[in-house]
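K.L.:
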Amino acid sequence: MLQLATLRMNPGEVKQRLAIKNFKDPAMVDLIIQLDEERRKLSTSFDETKAKINAASKEIGQFMSKGQKEEADLRKKDVEALKSANHPIQEELEAVEKQVHELLLQLPNLPSPLVPPGKTPEENQEIRSGGSKPELHSGAVPHWDLAKKFDLIDFELGNKITGSGFPVYKGKGARLQRALVQYFLDYNTKAGYTEFMPPHLVNEASAYGTGQLPDKEGQMYFVSEDHLYLIPTAEVPVTNIYRDVMLKEHELPVKMTAYTPCFRREAGSYGKDVRGLNRLHQFDKVEIVQLVHPDKSYEVLEEMVVHIEKILQSLELPYRILRLCGGDMSFTSALTYDFEVYSAAQEKWLEVSSVSNFETYQSNRMKIRFKDEGGKSQFVHTLNGSALALPRILACLLENFQNENGIKIPVVLHSYFGSEMI
RNA sequence: GGUGAGGUGGAUGAGUGGCUGAAAUCAGCAGUUUGCUAAACUGCCGUAGGGGUUAAACUCUACCGCGGGUUCGAAUCCCGCCCUCACCGCCA
């Protein structure tokens with residue numbers, strides 16, 4: 001959620017930046033500012049009357065203790081009058097406050113100045129790329145065929161047990177998943193991230209905190225009996241660890257990593273994009289999250305990009321890094337880099353990570369603050385990224401490293417996987 | 001799921017209708033003392049929103065799990081919800 005002060009100080013700039021995100025209703029900014037002004041007027045008026053009521057109540061207490069009942073009764077009449085005068089003001093104040101809050105929730109985060117304009121994924125900027133596309137042998141096939149041939153993943157079985165989008169990993173397929181999770185967690189903890197195993201279901205407050213609600217309500221699985229959401233990413237439980245926490249400046253940065261399954265309804269997607277491992281309802285992901293000093297967040301974002309890039313290099317996969325344009329970014333992000341890996345048999349790029357700086361958008365909602373040197377409380381900046389999402393990595397590993405003899409496993413995974421070939 | 005107890009500031013914990021935004025202790029911060037460390041002493045030490053100020057000072061309001069209610073007045077009484085702990089039941 002944007003801070004009101006930001007809107008108040010620079011309404012013009014806010015509108016300009018919202019336009020880059022293709023926000024359709026810039027007048028909302030003026031409306032919020034206007035309502036806030038009204039809110040403050042009402043608040044002042046309400047507080048003044050309330051102060052009078054409080055003073056009178058105190059006097060009544062004094063009169064009563066002295067046994068001056070008539071005096072007390074007179075003051076009671078005053079209080080009654082003040083209260084009935086204040087009542088409509090209170091109602092109006094509450095209504096305006098609620099309205100401001102609700103409107104504020106509807107504003108997306110402001111894009112950083114680095115964000116390129118644009119509406120579609122085609123307008124994302126390629127920052128750099130690495131690795132090289134492999135030359136596949138003549139019998140090369142997509143990963144879903146490889147999964148069947150080597151008995152690694154059973155999509156039909158998942159269909160039977162649960163439904164489409166819930167594959168069953170089996171034998172070496174399951175082992176490779178576990179190897180990747182371990183490798184990623186080790187890689188992240190070596191870089192100073194503390195490992196967590198958070199709950200896989202979260203309450204409403206947590207889902208609001210990171211911004212999944214109200215924006216992506218329909219994307220999450222919901223357990224209505226207990227009013228809990230299945231997490232769409234570890235970002236939700238992990239960032240909420242620090243909800244309502246006042247940090248000390250020296251405790252920053254907070255670096256956390258977690259492996260969790262992720263659950264997404266992916267309502268409304270079908271077709272070839274969802275074939276095999278390309279898009280699932282349940283998948284595994286290792287996430288990294290940082291809470292940092294506002295002055296450091298863009299530096300840290302670059303660090304996280306390099307961190308993820310190096311994992312991809314270590315896996316010997318061809319990748320490219322994209323800076324997302326305004327139209328392709330998420331609601332809550334100020335700047336996002338997507339990582340895509342080349343899936344050689346499908347001949348297409350697959351997104352395997354997304355790293356974002358949310359600035360104070362999430363911390364404002366979650367009240368994650370720190371005390372600066374002057375003793376003032378400030379919101380931290382939150383950042384997170386996938387390091388990494390498993391299914392598409394697995395798809396690329398299978399496709400890119402297939403040869404006449406089987407599937408080669410990257411060196412860094414040998415000790416985790418227990419062998420060099422499938 | 002049942003029964004009982006309880007949720008107060010960073011922590012412990014007092015507080016059953018007005019003088020309590022909240023005792024006391026500990027931790028923390030600043031200072032005095034001290035050869036150093038330790039100890040002792042003094043002061044400060046919640047959050048948010050208004051007003052005010054160049055900035056402060058100052059001042060008002062709200063907050064003692066959350067939401068309602070009673071009352072001139074609620075941390076304190078009443079109702080609902082949530083959570084924690086203990087015991088029982090069930091169970092990986």
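Residue 393 in my numbering is what sits at position 393 of the first sequence, and the numbering runs on without skipping anything.
Just so you know, even glycine gets a beta-carbon here, dropped at the ideal spot from N, CA and C.
Quick caveat, the model's predicted, so the values are computed rather than measured.
1) Just to confirm my understanding: we take Leu18, look at its own chain, exclude 5 residues before and 5 after, and list those with CB closer than 8 angstroms. What are they?
2) So does the segment 187–195 actually touch the segment 167–179, counting three or more Cβ pairs closer than 8 angstroms?
3) Across the segment 345–353 and the segment 207–216, are there enough close Cβ pairs to call them in contact, namely three or more that are closer than 8 angstroms?
4) The beta strand (DSSP E) spanning Asn357 covers which residue range?
5) Measuring CB to CB, does Arg75 end up less than 8 angstroms from Ile60?
6) So what's Ile368 in DSSP terms, helix, strand or just coil?
7) What residue from Glu126, Leu31, Lys21 has the CA that sits closest to Leu4's CA?
8) Within the segment 125–167, note down every full alpha helix (DSSP H) run reaching 4 residues or more, in order along the chain.
9) Of the residues Phe358, Asp186, Leu176, Lys77, which one's Cα is nearest the Cα of Thr257?
10) Using the three-state DSSP reduction, which class does Thr332 fall into: helix, strand or coil?
11) Taking all protein chains shown into account, decide if Leu394 is buried (16 or more other Cβ within 10 angstroms of its Cβ) or exposed.
12) State the CB to CB distance for the pair Gly173 and Leu152, rounded to an integer number of angstroms; the pair is presumed to be in contact (CB under 8 angstroms).
13) For Lys69, which residues does DSSP report across the bridge?
14) Would you mind listing the alpha helix (DSSP H) stretches within the segment 32–119 that are 4+ residues and don't spill past its ends, in chain order?
15) Look at the alpha carbon of Asp36 and the alpha carbon of Ala234, and state the distance between them as a whole number of angstroms.
16) When burial is assigned at 16 or more other CB atoms within 10 Å of the CB, is Asp423 buried or exposed?
17) Taking the alpha helix (DSSP H) that Glu316 belongs to, which residues open and close that run?
18) What runs of the beta strand (DSSP E), each 3 residues or longer, lie entirely inside the segment 209–273?
19) In whole angstroms, what is the alpha-carbon distance linking Ile311 and Thr6?
20) Round the Cβ separation of Arg392 and Val380 to the nearest angstrom and send it over; I've been treating them as touching at under 8 angstroms.
21) Quick check on DSSP: helix, strand or coil for Lys431?
22) Reducing DSSP to helix, strand and coil, say where Phe23 ends up.
23) Using DSSP bridges, identify the partner residues of Lys285.
24) Return the residue from the list Val202, Pro237, Gly209 that minimises the CA-CA distance to Tyr221.
25) Using only the alpha-carbon positions, how far apart do Leu165 and Gln177 sit?
26) Is the CB-CB distance between Pro261 and Phe283 below 8 angstroms?
27) Could you please give me the residues that DSSP links to Ser377 through a beta bridge?
28) Quick check on Ser363: buried or exposed, where buried means 16 or more other Cβ atoms within 10 Å of its Cβ?
29) Going by alpha carbons, who is nearest to Glu126 out of Ala334, Phe339, Leu322?
30) With respect to the beta strand (DSSP E) encompassing Phe401, which residues constitute its N-terminal and C-terminal limits?
31) Going by DSSP, which residues form a beta bridge with Phe339?
32) Mind checking which residues open and close the alpha helix (DSSP H) that includes Arg178?
33) What is the rounded straight-line gap between the Cα of Ala56 and the Cα of Arg243?
34) Residues in the same chain with beta-carbon distance under 6 angstroms from Lys255, minus the five sequence neighbours each way, listed in chain order, please.
35) To which residues does DSSP link Gly406 through a beta bridge?
36) Does DSSP put Tyr193 in a helix, in a strand, or in coil?
P.N.:
Working from what's here:
1) Pro26, Val29, Leu107, Pro108, Leu110
2) no
3) no
4) 348–359
5) yes
6) coil
7) Leu31
8) 143–149, 155–161
9) Asp186
10) coil
11) buried
12) 3 angstroms
13) DSSP, once it has assigned bridges, lists no residue as partnering Lys69.
14) 69–106
15) 35 angstroms
16) The displayed coordinates of the chain run from 1 to 422. Any statement about residue 423 would go beyond what the structure contains.
17) No alpha helix (DSSP H) contains Glu316, which DSSP labels as neither H nor E.
18) 228–230, 246–248, 254–263
19) 37 angstroms
20) About 31 angstroms separates the two Cβ atoms, so there is no contact after all.
21) Lying outside 1 to 422, the shown extent of the chain, residue 431 is not represented and no answer is given.
22) coil
23) Thr260, Ala389
24) Val202
25) Strictly speaking, residue 165 in this sequence is Gly, with Leu absent from that position. Distance between the alpha carbons of Gly165 and Gln177 is about 16 angstroms.
26) yes
27) Lys371
28) buried
29) Leu322
30) That residue, Phe401, is in no beta strand (DSSP E); it is neither H nor E in DSSP.
31) Ile321, Ser353
32) 172–190
33) 40 angstroms
34) Gly192, Tyr193, Gln290
35) Asn403
36) coil
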